[in-house]
Ligand code: ATP
């Protein structure tokens with residue numbers, strides 16, 4: 126039996142370009158691992174099985190990204206050993222925090238150890254499982270391009286805390302990208318670099334191009350963002366295709382003070398810089 130932790134990600138900016146012929150939109154974004162985690166356990170079993178602890182049911186069998194990743198590694202190892210995957214989920218589902226991708230990356234890493242498959246093979250499998258999986262396998266802070274497979278690790282970020290709110294509605298990622306196409310590829314929500322915390326100042330502005338499309342599909346998202354900006358007195362940004370919204374605070378005390386009046390379920394997350402992968406064995 127082997128266990129590990131999967132870290133959520135937040136997009137500190139996400140630029141999107143015209144959809145390619147293969148259906149993918151090239152992207153350019155800064156991705157950051159944050160300390161909101163799922164725990165995975167992989168074990169030898171009598172039959173293949175996936176168990177997960179969430180209020181909301183997750184896809185079963187190969188439909189579950191964690192299980193799909195573990196099976197892909199088993200195939201590479203040419204093994205027929207039945208496996209069980211147990212998933213203790215704390216990363217909100219379909220929230221723009223990359224939970225499924227984080228689970229897939231952690232499952233790749235765990236199954237790699239379990240079946241004796243090396244990191245080069247795991248890196249090859251990652252993009253086949255989803256655009257965010259290569260980043261989640263690496264973790265930390267990275268500039269992510271292409272269809273998620275072009276990674277450049279950046280210096281670790283610290284000196285701020287994110288307050289993250291997950292509004293109570295879903296925004297499926299494929300629908301948001303399709304809406305962005307339909308709307309003629311609008312430019313996104315922007316936070317000027319002078320409004321960012323000191324460690325991020327002097328870099329480029331923070332932009333999420335998917336924001337207009339997300340609001341077109343869920344107009345209440347804009348009300349949530351404006352309400353949070355009003356309460357917090359600072360700009361609020363969308364992570365990925367949403368609906369998670371976040372703002373920067375200098376430290377956990379400032380974040381907790383400012384967010385004492387926000388909806389229950391607000392999460393606080395420090396950036397988390399991991400090496401060499403976006404997972405840790407426990
Ligand atoms: P992203 O930001 O990468 O687009 P997300 O954070 O918005 O993803 P996820 O939580 O990864 O969304 O869920 C996206 C879809 O993947 C959901 O419809 C969910 O049912 C499915 N899914 C499959 N496996 C998992 C898993 N292990 N954890 C969460 N969702 C999963």
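Residue numbers (the working numbering): 126 to 407. For glycine and all other residues, C-beta sits at the position ideal for the given N, C-alpha and C.
Query - Pick from 335, 203, 201, 173 that is closest to residue 192, judged by C-alpha positions - result: 173
Query raised in the report: Between residue 127 and the rest of its own chain, which residues show a CB-CB distance below 8 Å, the 5 nearest in sequence each way excluded?
Result: 166, 167, 168, 235, 238, 239, 406
Query raised in the report: Which residues does DSSP pair with residue 170 in a beta bridge?
Result: In DSSP, residue 170 forms no bridge with anything.
Query raised in the report: Does ligand 1 have a heavy atom nearer than 7 Å to the CB of residue 166?
Result: no
**Report entry** Heavy atom of ligand 1 within 7 Å of residue 358 beta-carbon
**Finding:** no
Requested in this report: Pull up the distance between the alpha-carbon of residue 258 and that of residue 188, whole angstroms please.
Outcome: 15 Å
Report task. Kindly identify the DSSP beta-bridge partner or partners of residue 157. Result -> 135, 266
Query raised in the report: Going straight from the alpha carbon of residue 142 to that of residue 276, what length do you get?
Result: 17 Å
Requested in this report: Please find out if some non-hydrogen atom of ligand 1 comes closer than 7 Å to the beta-carbon of residue 178.
Outcome: no
Query raised in the report: Taking residue 364 as the reference, which of 334, 348, 249, 328 has the closest Cα?
Result: 334
Requested in this report: Label residue 136 either buried or exposed according to how many other C-beta atoms from any shown protein chain fall within 10 Å of its C-beta, with 16 as the threshold for buried.
Outcome: buried
Query raised in the report: Is any heavy atom of ligand 1 found at a distance shorter than 7 Å from the C-beta of residue 278?
Result: no
Query - Cβ shell of residue 318 (< 8 Å), same chain only, five flanking positions each side left out - result: 325, 326, 327, 328, 329, 330, 331
Query raised in the report: Is residue 254 buried or exposed, if buried means 16 or more other CB atoms sit within 10 Å of its CB?
Result: buried
Query - residue 348 Cβ short of 7 Å to ligand 1 heavy atom set - result: no
**Report entry** Cβ neighbour criterion (16 or more within 10 Å) applied to residue 367
**Finding:** buried
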